[in-house]
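Written out below as structure tokens is the structure these notes cover.
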Amino acid sequence: MDATEALALEIGTRRACEALVVPRASLYRRRAGSKMKAAECGGKSPSPRALQPEEKQAVLDILHSERFVDKAPHEVYATLLDEGKYHCSIRTMYRILEDQKEVKERRNQLRHPVYEKPELLATGPNQV
1 MDATEALALE IGTRRACEAL VVPRASLYRR RAGSKMKAAE CGGKSPSPRA LQPEEKQAVL
61 DILHSERFVD KAPHEVYATL LDEGKYHCSI RTMYRILEDQ KEVKERRNQL RHPVYEKPEL
121 LATGPNQV
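For reference, each letter of the sequence shown is one residue, going 1 to 128 in full-length UniProt numbering.
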């Protein structure tokens, strides 16, 4: 950025930034001396509607209960709604399970054996 500043004094900010392929916004931000650091600028704050850790643990306890241990979150959600209980959405249940590394591919994945490619050897005409 120092080179951009030095060149900007000679030929102007726009032309200096174009010559050195530096966005003008970056140059202006540095000149202003922003008090926020780069890590603080793009930080994503948690949603105020996000479940608290206690609520997440309660949902996890429900999903791990003997009654629902072998059921998908869709089935758990539907059963709880039939009983008049709502804890969170189906997607939130999947997110909680994903955080615990409990979501995986359930289908059997066929492992194909490694076959050696047959070698065809001809010792005369019309043999292959």
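Even glycine gets a Cβ: it sits at the ideal position worked out from N, Cα and C. Just so it is clear, the structure is predicted and the values come from calculations on it, not from any experiment.
Would K56 and I96 qualify as a contact pair, given that the criterion is a beta-carbon distance under 9 Å?
Numbered from its first residue, the sequence shown carries residue 56 at position 56. Numbered from its first residue, the sequence shown carries residue 96 at position 96. Taking 9 Å as the Cβ cut-off, K56 and I96 qualify as a contacting pair.
When we look at the beta-carbon of P118 and count the other beta-carbons within 10 Å, is it buried (16 or more) or exposed?
Looking up residue 118 in the sequence shown gives position 118. Classified as exposed, P118 has fewer than 16 neighbouring CB atoms from the shown chains inside 10 Å of its CB.
How far does the alpha helix (DSSP H) with residue 129 in it reach, from first residue to last?
Nothing in the structure corresponds to residue 129, since the chain is present only between 1 and 128.
For D99 and T92, I'd like the C-alpha separation in whole angstroms.
Translated into the one-based positions of the sequence shown, residue 99 becomes position 99. Translated into the one-based positions of the sequence shown, residue 92 becomes position 92. Rounded to the nearest angstrom, the gap between the Cα atoms of D99 and T92 is 11 Å.
Could you give the distance in angstroms between the alpha-carbon of T13 and the alpha-carbon of D2?
Stepping through the sequence shown from its first residue, residue 13 is reached at position 13. Stepping through the sequence shown from its first residue, residue 2 is reached at position 2. Those two C-alpha atoms are separated by around 12 Å.
Note down the Cα distance separating R15 from R30, rounded to an integer number of angstroms.
Taking the sequence shown and counting its residues from 1, one reaches residue 15 at position 15. Taking the sequence shown and counting its residues from 1, one reaches residue 30 at position 30. Going by the C-alpha atoms only, they are around 17 Å apart.
Determine whether the beta carbon atoms of V114 and L120 lie at a separation below 9 Å.
Here residue 114 refers to the residue found at position 114 of the sequence shown. Here residue 120 refers to the residue found at position 120 of the sequence shown. Result no, Cβ atoms of V114 and L120 do not sit closer than 9 Å.
Throw me the rounded Cβ distance for the L60 and V76 pair, which I believe falls under 8 Å.
Residue 60 sits at position 60 when you count from the first residue of the sequence shown. Residue 76 sits at position 76 when you count from the first residue of the sequence shown. Their Cβ separation, rounded to whole angstroms, is 11 Å, which puts L60 and V76 out of contact at 8 Å.
Closest to D70 by CA distance: which of S26, E102, R24, C88 is it?
As a working note, residue 70 is residue 70 in the sequence shown. For D70, the closest C-alpha among the options S26, E102, R24, C88 is that of E102.
So for Y77, helix, strand or coil by DSSP?
Taking the first residue of the sequence shown as 1, we reach residue 77 at position 77. The answer is helix: DSSP assigns Y77 an H, G or I state.
Please look up how many angstroms separate the CB atoms of Y94 and P73, rounded, as I've assumed it's under 8 Å.
Numbered from its first residue, the sequence shown carries residue 94 at position 94. Numbered from its first residue, the sequence shown carries residue 73 at position 73. Contact between Y94 and P73 holds, since their C-beta atoms are separated by about 6 Å, short of 8 Å.
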